[in-house]
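Each remark here refers to the structure printed beneath this line.
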Amino acid sequence: MSATCNPDHKQRLKRQEDSLARALEQAEAAQEMSARISARFARLAGRSERRQRQMVHLSLLEASLALLEEGNDILSQRLTALEELTIQQQGELRDIYKALGEMNATQSLSIFGKPSTLHP
3 MSATCNPDHK QRLKRQEDSL ARALEQAEAA QEMSARISAR FARLAGRSER RQRQMVHLSL
63 LEASLALLEE GNDILSQRLT ALEELTIQQQ GELRDIYKAL GEMNATQSLS IFGKPSTLHP
């Protein structure tokens, strides 16, 4: 009998064919799973990279905010100093005007013998 006519040989070939078909299906499933895992890792890596960029951006924003707050404090201190200087200078100007008024009054008395009515 030839090998192709032997029923045992045909069954053995059929089992091997079935086994190879299952192995091929498993390999294809494993390859598909591997592709999905790779795609998932790529997405996660992209997210991680975006998060890292966002964290760097956030750190820069926080540093900028700290500098702005520091600058604001400096400007506030300078504004307070300018306000105090303005108040001081206003007082000095009042004193000068008062002294000038007194000088005018004294000069008017010495020249005309009476107080001047030009400056109160």
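Count along the sequence shown from 1, then add 2; that gives the number in this note's numbering. Ideal placement from N, C-alpha and C gives every residue a C-beta, glycine not left out. Since the model is a prediction, treat every value here as computed from it, not as a measurement.
query                                                                                                                                       : result
Taking the C-alpha atoms as reference points, what is the distance between Q109 and D97?                                                    : 18 Å
For I39 and G73, what's the separation of their Cα atoms in angstroms?                                                                      : 50 Å
To the nearest angstrom, how far is it from the Cα of A50 to the Cα of H59?                                                                 : It is worth fixing the name first, because residue 50 is Ser in this sequence and not Ala. When rounded, the distance between both Cα atoms is 14 Å.
Helix, strand or coil: which one does DSSP assign to N74?                                                                                   : helix
Between which residues of its own chain and M3 is the CB-CB distance below 8 Å, once the five residues before and five after are set aside? : Its pLDDT being 46, under 50, M3 is placed unreliably by the model, and nothing is read from it.
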